[in-house]
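Numbering (the working numbering), first residue to last: 22 to 275.
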């Protein structure tokens, strides 16, 4: 076979039907592989840039990676929380926190060491996180057709390729830092803080709730005038923890 024949031999992958190429894209292992394949040729670029492919890839990636097997499912919530609050003009109803106080979650420019919730569960630097928030704020999919429509609820946010980039960093941080060095004093406990954000405090953005804007700008110590848990909740938590103790230790405590 001559070299000329080899040069003009058709590339099987590039000639596959669009439906099959779409299926290949949505099952790629990470956003870097997705972007790398998209640069192979013009046809691949068009398929990768289509909203249908991007959103299907995002949905499949979070389903297969943030499932409490490869990485904690709480990462799905973290990514949604980050996307929802990437726009600096948003007033978050999460504990009536205004955006000027959101550094507790995303990055901390005040302290010597960044101990923000995102900062302790990521590989990215503070500057990288700031830059990524800007990209999220300007990303293509907003989840609503016009600015006059109400924000979708956190669970209904449409996840795009940029969100997979966020999630992939969180998954790598989990795999490299938390699973290899488990226990107290590691970054793993910050995932429990995010679970508290989700399960105890919640984010009411996108819901029909009344926001106290005057109260939202107060320091956290002044606005929390009740215990984090009620007496009933504390009793239930104590009973649940007691039941998890081995029988021998439980008898000693009683």
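Each residue gets a CB set at the ideal place from its N, CA and C atoms; glycine is no exception.
| Asked | Found |
| --- | --- |
| When 130, 125, 79 are compared against residue 56, the one with the closest alpha-carbon | 79 |
| Endpoints, the alpha helix (DSSP H) within which residue 79 is located | 72 to 86 |
| As assigned by DSSP and simplified to three states, the class of residue 37 | coil |
| Residue 219 versus 69, 101, 198, residue with shortest Cα-Cα distance | 101 |
| Extent of the continuous alpha helix (DSSP H) to which residue 150 belongs | 147 to 158 |
| Cβ neighbour criterion (16 or more within 10 Å) applied to residue 154 | buried |
| Cutoff 8 Å; reference residue 194; Cβ partners in own chain excluding five residues on either side | 142, 143, 144, 208 |
| Segment contact flag, the segment 69 to 87 with the segment 48 to 55, C-beta cutoff 8 Å, min 3 pairs | yes |
| Cutoff 7 Å; reference residue 183; Cβ partners in own chain excluding five residues on either side | 156, 157, 160 |
| Span separating the alpha-carbon of residue 39 from that of residue 68 | 8 Å |
| Of the residues 72, 128, 137, 138, the one placed nearest residue 152, counting alpha carbons only | 128 |
| Beta-carbon gap between residue 33 and residue 212 smaller than 8 Å | no |
| Rounded straight-line distance, which links the Cα of residue 174 to that of residue 73 | 21 Å |
| Reduced DSSP category for residue 66 - H, G, I as helix; E, B as strand; rest coil | helix |
| Same chain only: Cβ atoms within 7 Å of residue 35, ignoring 5 sequence neighbours per side | 62, 64 |
| Backbone CA spacing between residue 131 and residue 138 [nearest angstrom] | 14 Å |
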